[in-house]
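**Q**
There are 2 protein chains.
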Amino acid sequence: MPKFGNLVSLHEAKNWSRNMSTVTIKMLARELNLAISTVSRALMDSYEISPETKQKVTALAKQLNYQPNHYASSLRKQRSKTIAVIIPEISNNFFSHVINGIEAIAQEKNYHVLIYFTHENQQKEAEVIQHLLGGRVDGILMSLAGTTSSTMHLQPIMEQGLPIVFFDRISDTLNAPTVTTDDFESARHATRHLMDVGCRKIAYLSISPNLSIDCKRMHGFNQALQDKPGMAHSMMIPCSTDTNQNFERICQVLREEQPDGIFASVEKLAITSYHACAAVGLSIPKDVKILSFSNLETASLLNPSLTTIIQPAFDMGKSAATVLFHMLEKRKGRQWEQNTVIKSNMIIRNSTQIAV
Amino acid sequence: MPKFGNLVSLHEAKNWSRNMSTVTIKMLARELNLAISTVSRALMDSYEISPETKQKVTALAKQLNYQPNHYASSLRKQRSKTIAVIIPEISNNFFSHVINGIEAIAQEKNYHVLIYFTHENQQKEAEVIQHLLGGRVDGILMSLAGTTSSTMHLQPIMEQGLPIVFFDRISDTLNAPTVTTDDFESARHATRHLMDVGCRKIAYLSISPNLSIDCKRMHGFNQALQDKPGMAHSMMIPCSTDTNQNFERICQVLREEQPDGIFASVEKLAITSYHACAAVGLSIPKDVKILSFSNLETASLLNPSLTTIIQPAFDMGKSAATVLFHMLEKRKGRQWEQNTVIKSNMIIRNSTQIAV
DNA sequence: CTGTTAGCGCGTTCAT
DNA sequence: ATGAACGCGCTAACAG
């Protein structure tokens, strides 16, 4: 597939002294007849270096386009100014926005971001964690994989004292800061809304019973039904990460059970439902009303077909990162704050603009 | 906003010898009465270490949960098994998929991925590049910022010989491998389609004349109009990265110029157009037909309102990464292949299923 | 104010 | 088959 040419451009040596090897403080020191440490301190603008020397050093550094070696510095200082973000997948629009939020804060703090996808696979999740244990990052931001039931593989992190913040898909058995939205309350609220607009037979599409968000949303869903007993029937439809399979399953349910409402636990299932309705020949929202958590962009496209609970994904990313940096900065020895829980405000949005 | 508790769990020392400090080969060596170098070699499965010693070393390493220090090893080996991805923004759905593709290949090659957003800002772009010059990554995958007109800030990379591959938003003045889709041909083809279904006055929404994709698409657009002279009028509407501003601009155009077709250079502008039509009271595709490059997911939601050219974003990510790794592996000294151009096949999709 | 020294943790020479 | 020693590039303690 790739087609290679072989034009190798031969640039002339321009600004550097000898060959094109990368320039180090050692070279600067030699060039200026200074000690290595002096150059180092000059570059970090230490108070104990004379203005003239600083001037000379920074001038030469700029001229030679000196760039500090991040690996050497991280090794020496034992901190890397780098955090890791571990998420199930990014094709899910929700996580795109979260990452955006995280990166915004990281950029502000001059931190770097390593990104890892688990593809909803616990095995992969464990591998990534294992690698990160080697001191590669100062902290971790994480959202659990859908198949993750046990949290054994996270124990080393807790024991080693590596700062970690969970967001969205959290673990209740782990004693670590978490950032989530109020899934229970907004699911309850939105389900009530579905009933208010006439739904009497609602199908709940579950993505995975191992996911905290799924459980809480289902819980809120059930609570809403119990709040008004006898008002509506419910059905639990177990789905998976296999979209094609979900599609078939949903079509089948639509035909055989004929629900007039669908509560999709995650956005992807809502979109699949959207297509399933079209395939079966049902019109939205006339025949079937679909409810889901989703982001603003997708919601705007689907509106008014869907009752959408908009997740403040960008803000959640920012919040999670903020908590993590708080831990990093306050860290003394091996202790830091735990049990931080931020419940972001929910924005609920649909054709009739309900608010929570 | 954050609410902190202070439960600090005190875990007992379990498997390690002394305190909970991270375990190094030095400790393993001391524990086993071996030289550091022996342990090092045993862990990398060197042929000159006896099976018994290897056995003992790996056993203890596993027991103490030893993890090599990535920074030390990178410093020593002068390569980091890490690549950087520099993109304008990720909220743009297109880049989400690209990253997914990149990460898939990186994971396969056991590489790590640092991610940087330029937020369409050339200044930021330059800063990131500058940092990366310090030997932090083995290679770079990059898509240029919309405001980037000059490529001066990329010169040091070329001079230093840091492997880099551009994708999607490339620079024509830079002598580096690129991966793009065939923007000219597919834009031409799709525009022809617009005319075939009856459009006679088409507005082209330009995102930035500095962007290669914008130019090529506009070029293809114009070519299609020239192919059938007198068939349709065209209008050039300059847009920006400010969505609100774009919205107003498009509404104004819709009212005053009343085009019956819109060619949006990027997905975001298509969505904005979609909303603008709704605001002005025009129905899609009856009154106005919108054409755009977009990803499958968004396209599926907007179908059949939009004539969509689906970009193989995931594949583009994979291709770009593949080319980069090719460079990394073949690298000897400071030379490698240049001018690699992969033109991914385009998939064109809309209500009437046209193919290119 | 500046220089000397001593590592950070790992891989690689050179000896044995 | 194993050990001793050195250095990747940088920071920090300790002199002077």
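The listed protein sequences correspond, in order, to chains W and D. Heads up: the first sequence is residues 3 to 358, going by the numbering used here. Heads up: the second sequence is residues 3 to 358, going by the numbering used here. Even for Gly, the Cβ is constructed at its ideal location relative to N, Cα and C. None of these values were measured; they are calculated from a predicted model.
Could you check the C-alpha separation between Asn248/D and Leu213/D for me, to the nearest Å?
**A** If I take the Cα positions, the gap works out to 17 Å.
**Q** CA-CA distance, Ile292/W and Met46/D?
**A** Cα-Cα distance, rounded: 55 Å.
**Q** Can you find at least 3 beta carbon pairs, one from the segment 131-145 of chain D and one from the segment 70-89 of chain D, that sit closer than 8 Å?
**A** Taking 8 Å as the limit for Cβ pairs, the verdict is that the segment 70-89 of chain D does touch the segment 131-145 of chain D.
**Q** Identify every residue that forms a DSSP beta bridge with Pro240/W.
**A** According to DSSP, Pro240/W bridges with Ser208/W.
**Q** Can the beta-carbon of Ile312/W be found closer than 7 Å to that of Ser275/W?
**A** Contact: no.
**Q** Below 7 Å CB to CB, which residues in the same chain sit around Leu326/D once its five sequence neighbours on both sides are set aside?
**A** Answer for Leu326/D: Ile85, Gly141, Leu143, Pro165 and Val167, listed in chain order.
**Q** List, in chain order, every chain W residue whose beta-carbon is nearer than 8 Å to that of Ser82/D.
**A** The answer, in chain order, is Tyr73.
**Q** Residues of chain D with a CB under 9 Å from the CB of Leu116/W: which are they?
**A** Ordered by position in chain D, the residues that pass the 9 Å Cβ test against Leu116/W are Thr84, His114, Val115, Leu116 and Ile117.
**Q** At a CB-CB cut-off below 8 Å, which residues of chain D make contact with Gly137/W?
**A** Ordered by position in chain D, the residues that pass the 8 Å Cβ test against Gly137/W are Thr24, Gln69, Asn71, His72 and Tyr73.
**Q** Hey, how far is the Cα of Met233/D from the Cα of Val290/D?
**A** Approximately 17 Å, taken between the alpha carbons.
**Q** Please list the terminal residues of the continuous beta strand (DSSP E) segment that includes Lys291/W.
**A** Start and end: Lys291 to Ser296.
**Q** In the DSSP output, which residue or residues are listed as bridge partners for Lys203/D?
**A** His235/D.
**Q** Once you ignore the five residues that flank Val115/D on each side, which residues in its own chain have a CB closer than 7 Å to its CB?
**A** The answer, listed in chain order, is Ile85, Val87, Ile104, Glu105 and Ala108.
**Q** Tell me which residue opens and which closes the alpha helix (DSSP H) that His221/W is part of.
**A** Looking at the DSSP string, the run of the alpha helix (DSSP H) that includes His221/W is Ser214 to Asp229.
**Q** Measure from the C-beta of Ile92/D to each C-beta in chain W and report whether the shortest distance is under 7 Å.
**A** Output row for Ile92/D: interface = yes.
**Q** Which of the three DSSP states is assigned to His114/W in this structure?
**A** Correct three-state label for His114/W: strand.
**Q** Restricting to Cα atoms, I'd like to know which of Cys201/D, Thr245/D, Lys64/D and Gln125/D is closest to Ile227/D.
**A** For the record, residue 227/D in the displayed sequence is Leu; it is not Ile. Nearest of Cys201/D, Thr245/D, Lys64/D and Gln125/D to Leu227/D, Cα basis: Cys201/D.
**Q** Taking C-beta pairs closer than 8 Å, name the residues in chain D that Ile101/W reaches, listed in chain order.
**A** In chain order: Ile92 and Ile117.
**Q** Leaving out five residues on either side along the sequence, give the residues of the same chain with a beta carbon under 7 Å from the beta carbon of Pro240/W.
**A** Only Ser208 meet the Cβ criterion.
**Q** Can you find a CB in chain W that lies within less than 7 Å of the CB of Pro158/D?
**A** Judged by the 7 Å Cβ criterion, Pro158/D is in contact with chain W.
**Q** Along the chain, which unbroken stretches of the beta strand (DSSP E) at least 3 residues long are found entirely within the segment 36-103 of chain W?
**A** Entirely contained in the segment 36-103 of chain W, the beta strand (DSSP E) runs reaching 3 residues are, in chain order, 84-89.
**Q** What in chain D is Cβ-close to Ser76/W, meaning under 7 Å?
**A** Result: Tyr73.
**Q** According to DSSP, is Gly141/W helix, strand or coil?
**A** Looking at Gly141/W - three-state DSSP - the assignment turns out to be strand.
**Q** So if I threshold CB-CB distances at 8 Å, which residues from the segment 197-210 of chain D count as touching chain W?
**A** Of all residues in the segment 197-210 of chain D, none has a Cβ within less than 8 Å of some Cβ in chain W.
**Q** Report the neighbours of Gln360/D on chain W: residues whose CB is nearer than 9 Å to its CB, in chain order.
**A** Coverage of chain D is limited to positions 3 through 358, which leaves residue 360/D absent and any answer about it impossible.
**Q** From which residue to which residue does the alpha helix (DSSP H) around Lys268/D run?
**A** The residue you asked about is not Lys; residue 268/D is Val in the sequence shown. Where Val268/D is concerned, there is no enclosing alpha helix (DSSP H), given that its DSSP letter is neither H nor E.
**Q** For Cys279/W, which of Ser267/W, Glu50/W and Pro261/W has the nearest alpha-carbon?
**A** Measuring from the Cα of Cys279/W, the nearest candidate turns out to be Pro261/W.
**Q** Please classify Ala37/D as buried or exposed, where buried requires at least 16 neighbouring CB atoms within 10 angstroms.
**A** Ala37/D is exposed by the Cβ-count criterion.
**Q** Name the DSSP bridge partner or partners of Phe119/W?
**A** Its beta-bridge partners are Ile89/W.
**Q** Distance cutoff 7 Å, beta carbons only. Does Ser98/D sit that close to anything in chain W?
**A** Yes, because at least one Cβ of chain W sits closer than 7 Å to the Cβ of Ser98/D.
**Q** If you measure from the beta carbon of Leu303/D to each beta carbon in chain W, is any gap under 7 Å?
**A** At least one chain W Cβ lies under 7 Å of Leu303/D.
**Q** Pull up the CB-CB distance for Ser267/W and Asp216/W, whole angstroms please, since I reckon it's below 8 Å.
**A** At roughly 5 Å, the Cβ-Cβ gap stays under 8 Å, so Ser267/W and Asp216/W are in contact.
**Q** With burial defined as no fewer than 16 other Cβ atoms inside 10 Å of the residue's Cβ, what is the status of Gln254/D: buried or exposed?
**A** Answer is exposed; the Cβ neighbour count stays below 16.
**Q** With distances taken from CA atoms, which of Ile117/D, His277/D, Ile131/D and Ala147/D is nearest Gln124/D?
**A** Of the candidates Ile117/D, His277/D, Ile131/D and Ala147/D, the one whose C-alpha sits nearest the C-alpha of Gln124/D is Ala147/D.
**Q** Just to confirm, is the Cβ distance from Thr300/D to Asn94/D under 7 Å?
**A** No.
**Q** Could you please give the first and the last residue of the uninterrupted beta strand (DSSP E) stretch that includes Val25/W?
**A** Here Val25/W belongs to no beta strand (DSSP E), and DSSP marks it neither H nor E.
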